[in-house]
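Have a look at the structure below, then the notes.
Chains as they are written, first to last, in this note's numbering: chain B, 94 to 207; chain R, 39 to 149.
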């Protein structure tokens with residue numbers, strides 16, 4: 094089991110460029126999440142997908158879009174990157190058995206927007 | 039939405055001493071409180087969690103306590119070791135599968 098995987102590991106963009114961050118999990122989890130991590134601010138939820146076919150905004154959704162492609166895959170798209178989106182992005186997944194429980198994180202994508 | 043505050047932001051302890059991190063939350067409907075550990079350059083990983091029907095939970099050298107009335111919960115690490123050096127995050131959930139995280143505590147264990 095690979096757990097949660099993310100691509101790419103590192104990316105540098107110029108302001109205005111677009112890109113898609115990919116995430117996949119092989120744990121048969123229903124729920125998937127995208128977070129961004131900035132120094133001194135913890136992990137902030139961008140979007141989440143409680144189950145296949147649904148997506149909802151989190152705390153900081155502006156400037157991002159998501160697609161739950163199937164049960165395994167959840168992608169995050171930046172349509173027009175801005176320097177404020179420089180961050181480390183983590184994807185996570187969890188099962189929905191017996192209420193909220195452990196979220197498993199991917200290795201992260203370090204994004205720099207110039 | 040839920041607001042989670044975490045203190046202190048940095049904590050330095052002598053090896054073998056105890057470390058305590060405290061968090062408060064704002065939404066009384068929150069019922070799930072996990073703690074994550076993140077080593078430098080790595081992903082966050084769950085170390086312990088507690089649900090609202092329990093006041094305390096222990097796993098070897100780590101323990102978590104929850105005071106629902108006061109809306110705060112704490113992480114206790116006893117007999118600290120160098121491998122305990124990391125950033126620790128508390129979080130809270132209302133049962134809708136979303137987690138609201140604290141800002142993190144950087145723990146340094148001095149040899």
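The beta-carbon is built from N, C-alpha and C at its ideal position, and this holds for glycine as well.
Residue-level contact to chain B via CB, residue i, 9 Å cutoff
{"i": "residue 124(R)", "result": "no"}
{"i": "residue 101(R)", "result": "no"}
{"i": "residue 98(R)", "result": "no"}
{"i": "residue 78(R)", "result": "no"}
{"i": "residue 120(R)", "result": "no"}
{"i": "residue 65(R)", "result": "no"}
{"i": "residue 134(R)", "result": "yes"}
{"i": "residue 72(R)", "result": "yes"}
{"i": "residue 82(R)", "result": "yes"}
{"i": "residue 142(R)", "result": "yes"}
{"i": "residue 137(R)", "result": "yes"}
{"i": "residue 50(R)", "result": "no"}
{"i": "residue 47(R)", "result": "yes"}
{"i": "residue 131(R)", "result": "yes"}
{"i": "residue 87(R)", "result": "yes"}
Residue interval of the beta strand (DSSP E) (run including residue i)
{"i": "residue 43(R)", "result": "42-45"}
{"i": "residue 109(R)", "result": "Careful: residue 109(R) lies outside any beta strand (DSSP E) and carries neither H nor E."}
{"i": "residue 55(R)", "result": "Careful: residue 55(R) lies outside any beta strand (DSSP E) and carries neither H nor E."}
{"i": "residue 182(B)", "result": "180-187"}
{"i": "residue 206(B)", "result": "202-206"}
{"i": "residue 81(R)", "result": "Segment: none, residue 81(R) is in no beta strand (DSSP E) and carries neither H nor E."}
{"i": "residue 125(B)", "result": "124-130"}
{"i": "residue 118(B)", "result": "112-118"}
{"i": "residue 153(B)", "result": "Premise fails: residue 153(B) is in no beta strand (DSSP E) and is neither H nor E."}
{"i": "residue 142(B)", "result": "136-142"}
{"i": "residue 97(R)", "result": "94-97"}
Test: residue i CB closer than 9 Å to a CB of chain R
{"i": "residue 195(B)", "result": "yes"}
{"i": "residue 124(B)", "result": "yes"}
{"i": "residue 152(B)", "result": "yes"}
{"i": "residue 143(B)", "result": "yes"}
{"i": "residue 109(B)", "result": "no"}
{"i": "residue 167(B)", "result": "no"}
{"i": "residue 199(B)", "result": "yes"}
{"i": "residue 134(B)", "result": "yes"}
{"i": "residue 129(B)", "result": "no"}
{"i": "residue 189(B)", "result": "yes"}
{"i": "residue 183(B)", "result": "yes"}
Distance CB(residue i)-CB(residue j) smaller than 9 Å
{"i": "residue 110(R)", "j": "residue 63(R)", "result": "yes"}
{"i": "residue 142(B)", "j": "residue 189(B)", "result": "no"}
{"i": "residue 58(R)", "j": "residue 129(R)", "result": "no"}
{"i": "residue 196(B)", "j": "residue 126(B)", "result": "yes"}
{"i": "residue 103(R)", "j": "residue 54(R)", "result": "no"}
{"i": "residue 125(R)", "j": "residue 147(R)", "result": "no"}
{"i": "residue 200(B)", "j": "residue 99(R)", "result": "no"}
Rounded distance between the beta-carbons of residue j and residue i, thought under 8 Å
{"i": "residue 44(R)", "j": "residue 143(R)", "result": "6 Å"}
{"i": "residue 186(B)", "j": "residue 97(B)", "result": "6 Å"}
Contacts that residue i makes with chain A (C-beta to C-beta distance below 8 Å)
{"i": "residue 127(R)", "result": "Annotation note: the requested chain A is absent from the structure, which comprises protein chains B and R."}
Proximity test, residue i beta-carbon vs the ligand ATP heavy atom, cut-off 8 Å
{"i": "residue 124(B)", "result": "Among the ligands in the structure shown, none appear at all, so the ligand ATP cannot be discussed."}
Using 8 Å as the threshold, is the region 127-134 of chain B in touch with the region 61-73 of chain R, meaning 3 or more CB pairs across them? Not touching, per the Cβ criterion.
Count the C-beta pairs between the region 168-177 of chain B and the region 99-118 of chain B that are closer than 8 Å, then say yes if the count reaches three, no if not. yes
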